[in-house]
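A.B. asks: Protein chains in written order, with the working numbering: chain D, 610 to 1088; chain E, 10 to 99.
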Amino acid sequence: MSIDEARSAIVRGEIRPLELVIALFERIDALEERVGAYVSLTRENALSRARQAEDDLKQNAGKALTGIPLAIKDNICTEGIKTTCSSKILENFIPPYESSVTQRLKSEGYILIGKTNLDEFAMGSSTENSAFGLTKNPWDFERVPGGSSGGSAAAVASDECIAALGSDTGGSIRQPAAFCGVVGLKPTYGRVSRYGLVAFASSLDQIGPITKNVRDSAILMNIISGHDPYDSTSADMPASDFTSGLGQEIKGLKIGIPKEYFIEGLDKEVENSVKEAIKKLESLGGIPVEISLPHTEYAVAAYYILATSEASSNLARYDGVKYGLRSDGEDLIDMYMRTRDEGFGAEVKRRIILGTYALSSGYYDAYYKKAQQVRTLIKEDFEKAFENVDVIVTPTTPTPAFKIGEKIEDPLQMYLTDIFTLSVNLAGVPGISIPCGFTSRNLPVGLQIIGKHFDEESILKVAYAYEQATDWHKKKPNI
Amino acid sequence: MEIEHVALLARLKLSEKEKNLFSGQVGGVIDYIDKLNELDTKEIEPTAHVFPVKNVFRKDKSRPSLPREKALQNAPRKDGKYYRVPKIIE
């Protein structure tokens, strides 16, 4: 059930919020052992919020999300509710404040049902880097759900929630959405407040919705976007109604197809699905235009310098003093070093080491500054392309979901799985992944639609037009 | 890359096994990253933030802040009103 459907059913009195929450927990209890989408469930809290929702509805005080159960990625702070980042170092961390996005959802009456699994501190592409267990892909339990928002995507795909929030630093919403056959939107940098999102790479991180369809994505965007004085990088832009473009024609819209995204290593079945999707958009009146984003091949290298550098600085706060794990040591430095050795997992350590190295004396210009200059080139690629086209369409990932364990021993191979999503974060533009087909093994394929800065409306419009003309989003995993 | 030096800078106590594993893996990633040197960027301005972020000012007015108990609630070691840390000054 989508937000839109649940909302209508609640308003018409066909289902009560309490019934909906109980039914969801029954489904979670039946599936969770196999899927593993959640780090923690907030059952009691959800039941009492559902009762509150029923009272509000009786008094005609229903809001946009009254009675709607959502899941939140466990790197988004929820006051009084454990927020672990799937890390041992924050295993018992209970935030003393609420993130701005969940505060906004609360004001609209949402019901939190649980916190979803992720790669530790959102560092990974498969959710295998969680300290609290694996999440499985609902379409094939031997495969990863993608990452880092793998728990949120798997929860949405397996109907263990109505919709969810994730976060995206290099593809962490779009890639798991593609692997799990759901809709994932990374907003323009600055569109959604990062206050209360545990920082990974502050110049790249954005929170966004993972949903069952495009309309739900727009509904959640309407609630979570907008300027926030608590985040100085949040953009002071007028509020948009992201649902207003849904249902509009895409006739005459220019759709850029970057040749650098159709390369060796792109899975044949993924390529075929995406090419079919482009034909479908053409049949709806869109005009495909071949374009070039010439610096695409440098995105992975630039990203892994910038993201790890920012991470090495952001994660310096885990010092065993103010919150989190503390391991005793012989002196202060030894205490820091033992705490961080015991608290962080392998991938987080690798990234801190790479980032610390890149920022260390003598290497700064060769790595960090160089990567920032390449970031300029990548951003300019998009600006030039958008002089001639309205949106850009690509595959979200080069392959469908891979097997658990397949890439975990080889960090570079894992990093290369994000090759089609990273540039979007480096350029700060918005991107959405929607289902556009299945492989012969019945694994979902994702279509990425990229827009201009602050033009989420266009990508939602194109995504909705495509969704209305196809049935991919209606297919469910057989679990 | 001198892994021990970098690990000390990063305040990470690594086991011998981790040192070997990570210097190989991170070394491989750095070799890949050297790809960036194919590009001539002499004349290119670096991008730290996609939008020109300027200082964001607000009035210097006191506002409600976290009460002390809440700020201390997650501390692994505390003593009444304070965080407890290992001895720093001899």
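Each residue gets a CB set at the ideal place from its N, CA and C atoms; glycine is no exception.
Since this is a predicted model, take the numbers as computed values, not measurements.
Quick one, which residues of the segment 899-919 of chain D are near chain E if we go by CB-CB under 7 angstroms, in chain order?
C.D. replies: Cβ contacts with chain E: Y907, A910, A911, Y913 and I914.
A.B. asks: Closer than 9 angstroms, Cβ to any Cβ of chain E: which residues of the segment 700-727 of chain D, in chain order?
C.D. replies: Taking 9 angstroms as the Cβ-Cβ cut-off against chain E, the residues of the segment 700-727 of chain D that qualify are N701, F702, I703, P704, P705 and Y706.
A.B. asks: Name, please, each residue of chain E whose Cβ falls closer than 7 angstroms to the Cβ of S812/D.
C.D. replies: Within the first sequence, the letter at position 203 stands for residue 812/D. In chain order: A57 and H58.
A.B. asks: Along the chain, where does the beta strand (DSSP E) that runs through Y647/D open and close?
C.D. replies: What you label residue 647/D is simply residue 38 of the first sequence in a count that begins at 1. Note, Y647/D: beta strand (DSSP E), Y647 to L650.
A.B. asks: Would you verify that the beta carbon of I1088/D is, or is not, closer than 8 angstroms to some beta carbon of chain E?
C.D. replies: For the purposes of this step, residue 1088/D is identified with residue 479 of the first sequence, where counting begins at 1. I1088/D does not count as touching chain E.
A.B. asks: Please report how far the alpha carbon of D814/D lies from the alpha carbon of T842/D, in whole angstroms.
C.D. replies: Within the first sequence, residue 814/D is the residue found at index 205, counting from 1. Within the first sequence, residue 842/D is the residue found at index 233, counting from 1. Straight-line Cα distance between these residues: approximately 11 angstroms.
A.B. asks: Tell me, please, which residues DSSP counts as bridged to P678/D.
C.D. replies: Here residue 678/D refers to the residue found at position 69 of the first sequence. According to DSSP, P678/D bridges with I720/D.
A.B. asks: List, in order along the chain, the chain E residues whose C-beta lies closer than 9 angstroms to that of K958/D?
C.D. replies: Counting from 1 along the first sequence, the entry for residue 958/D is found at position 349. Those within 9 angstroms of K958/D in chain E are A16, A19, L21, L23, E27 and F31.
A.B. asks: Once DSSP output is grouped into helix, strand and coil, what is the label at S1042/D?
C.D. replies: Counted from its first residue, the first sequence places residue 1042/D at position 433. Residue state, collapsed to three classes: strand.
A.B. asks: I need the DSSP call for L627/D, collapsed to helix, strand or coil.
C.D. replies: Position 18 of the first sequence, counted from the first residue, corresponds to residue 627/D. It is helical.
A.B. asks: Count the other C-beta atoms from every protein chain shown that fall within 10 angstroms of the C-beta of K667/D, then say buried if there are 16 or more, exposed otherwise.
C.D. replies: On the first sequence, residue 667/D is found 58 positions in, with the first residue counted as 1. Under this definition K667/D is an exposed residue.
A.B. asks: So Q815/D is in the alpha helix (DSSP H); what residue range does that whole segment cover?
C.D. replies: As a working note, residue 815/D is residue 206 in the first sequence. Unbroken run through Q815/D is the beta strand (DSSP E), Q815 to T820; no alpha helix (DSSP H).
A.B. asks: Of all Cβ atoms in chain D, is any one closer than 8 angstroms to the Cβ of G9/E?
C.D. replies: The displayed coordinates of chain E run from 10 to 99. Any statement about residue 9/E would go beyond what the structure contains.
A.B. asks: By how many angstroms is the C-alpha of S617/D removed from the C-alpha of K978/D?
C.D. replies: As a first step, residue 978/D is located in the first sequence; it is residue number 369 there, counting from the start. As a first step, residue 617/D is located in the first sequence; it is residue number 8 there, counting from the start. If you take the alpha carbons of K978/D and S617/D, they lie about 52 angstroms apart.
A.B. asks: May I have the straight-line CA-CA distance separating D1080/D from S882/D, to the nearest angstrom?
C.D. replies: What you label residue 1080/D is simply residue 471 of the first sequence in a count that begins at 1. What you label residue 882/D is simply residue 273 of the first sequence in a count that begins at 1. Near 13 angstroms, if we compare the C-alpha coordinates of S882/D and D1080/D.
A.B. asks: So, does the CB of G971/D fall closer than 8 angstroms to a CB anywhere in chain E?
C.D. replies: Residue numbering aside, residue 971/D sits at position 362 when the first sequence is read from its first letter. It does not; no Cβ of chain E falls within 8 angstroms.
A.B. asks: With 16 as the cutoff for other CB atoms within 10 Å, does L75/E come out buried or exposed?
C.D. replies: Position 66 of the second sequence holds residue 75/E. L75/E should be labelled exposed.
A.B. asks: Can you list the residues of chain E that D950/D reaches, using a CB-CB cut of under 7 angstroms?
C.D. replies: Taking the first residue of the first sequence as 1, we reach residue 950/D at position 341. Ordered by position in chain E, the residues that pass the 7 angstroms Cβ test against D950/D are L21, K22 and L23.
A.B. asks: By a C-beta neighbour count over all protein chains shown, 10 Å radius and 16 as the cutoff for buried, is H1082/D buried or exposed?
C.D. replies: If you number the first sequence from 1, residue 1082/D lands on position 473. Buried, because 16 or more other Cβ atoms sit within 10 Å of the Cβ of H1082/D.
A.B. asks: In this structure, does DSSP put L902/D in helix, strand or coil?
C.D. replies: On the first sequence, position 293 is the one that residue 902/D refers to. In this structure, L902/D counts as coil in the three-state DSSP scheme.
A.B. asks: Classify Q1022/D as buried or exposed, calling it buried when 16 or more other Cβ atoms lie within 10 Å of its own Cβ.
C.D. replies: For the purposes of this step, residue 1022/D is taken as residue 413 along the first sequence, with counting starting at 1. The residue in question, Q1022/D, is exposed, as its Cβ has fewer than 16 Cβ neighbours within 10 Å.
A.B. asks: If Y934/D and E951/D are in contact, beta carbons under 8 angstroms, what's the gap, nearest whole angstrom?
C.D. replies: Indexing the first sequence from 1 puts residue 934/D at position 325. Indexing the first sequence from 1 puts residue 951/D at position 342. It should be noted that the sequence gives Leu, not Tyr, for residue 934/D. Right, the Cβ-Cβ distance comes to about 6 angstroms (below 8 angstroms), so this counts as a contact.
A.B. asks: I need the straight-line Cα distance from I612/D to G1014/D, nearest angstrom please.
C.D. replies: Sequence index remark: in the first sequence, residue 612/D carries index 3 (1-based). Sequence index remark: in the first sequence, residue 1014/D carries index 405 (1-based). Spanning the two alpha carbons is a distance of roughly 34 angstroms.
A.B. asks: Between A980/D and chain E, is the shortest Cβ-Cβ distance under 8 angstroms, so that the two count as touching?
C.D. replies: Sequence index remark: in the first sequence, residue 980/D carries index 371 (1-based). Yes, A980/D lies at the interface with chain E (some Cβ there is under 8 angstroms from its Cβ).
A.B. asks: Determine the contact status of G895/D and I866/D, defining contact as a CB-CB distance below 8 angstroms.
C.D. replies: Translated into the one-based positions of the first sequence, residue 895/D becomes position 286. Translated into the one-based positions of the first sequence, residue 866/D becomes position 257. No; because the gap between Cβ atoms is not below 8 angstroms, this pair is not in contact.
A.B. asks: When we look at the beta-carbon of F66/E and count the other beta-carbons within 10 Å, is it buried (16 or more) or exposed?
C.D. replies: Along the second sequence, one-based indexing puts residue 66/E at 57. F66/E is exposed by the Cβ-count criterion.
A.B. asks: Under 8 angstroms, do T725/D and P704/D count as touching if we go by C-beta distance?
C.D. replies: Your numbering for residue 725/D matches position 116 in the first sequence. Your numbering for residue 704/D matches position 95 in the first sequence. No, the Cβ-Cβ distance between T725/D and P704/D is not below 8 angstroms.
A.B. asks: With C-beta atoms as the reference, is A1010/D less than 8 angstroms away from F750/D?
C.D. replies: As a first step, residue 1010/D must be located in the first sequence, where it is residue number 401. As a first step, residue 750/D must be located in the first sequence, where it is residue number 141. Cβ atoms of A1010/D and F750/D: not closer than 8 angstroms.
A.B. asks: Are the CB atoms of L45/E and Y907/D nearer to each other than 8 angstroms?
C.D. replies: Your numbering for residue 45/E matches position 36 in the second sequence. Your numbering for residue 907/D matches position 298 in the first sequence. Yes; because the gap between Cβ atoms is below 8 angstroms, this pair is in contact.
A.B. asks: Since E54/E meets chain D, which of its residues come closer than 9 angstroms, beta carbon to beta carbon?
C.D. replies: Taking the second sequence and counting its residues from 1, the one referred to as residue 54/E is at position 45. Per Cβ cutoff of 9 angstroms: Q981, Q982 and T985.
A.B. asks: Quick one, which residues of the segment 815-836 of chain D are near chain E if we go by CB-CB under 7 angstroms, in chain order?
C.D. replies: Within the segment 815-836 of chain D, no residue has a Cβ that lies closer than 7 angstroms to any Cβ of chain E.
A.B. asks: Taking all protein chains shown into account, do 16 or more other C-beta atoms lie within 10 angstroms of the C-beta of G622/D, making it buried, or fewer, making it exposed?
C.D. replies: The sequence position of residue 622/D within the first sequence is 13, counting from 1. It counts as exposed.
A.B. asks: Rounded C-beta distance between A911/D and A980/D? I'm assuming under 8 angstroms.
C.D. replies: Counted from its first residue, the first sequence places residue 911/D at position 302. Counted from its first residue, the first sequence places residue 980/D at position 371. A911/D to A980/D, Cβ: 4 angstroms. Contact.
A.B. asks: Taking DSSP's pairing of strands, which residues face P795/D in a bridge?
C.D. replies: Numbered from its first residue, the first sequence carries residue 795/D at position 186. Contrary to the premise, residue 795/D reads as Lys rather than Pro in this sequence. G1040/D.
A.B. asks: What first and last residue would you give for the alpha helix (DSSP H) that runs through I961/D?
C.D. replies: The residue you call residue 961/D lines up with position 352 of the first sequence. Unbroken alpha helix (DSSP H) run through I961/D: A955 to L968.
A.B. asks: Using a C-beta cutoff of 8 angstroms, does R947/D count as contacting chain E?
C.D. replies: Against the first sequence, residue 947/D aligns to sequence position 338. So, interface residue.
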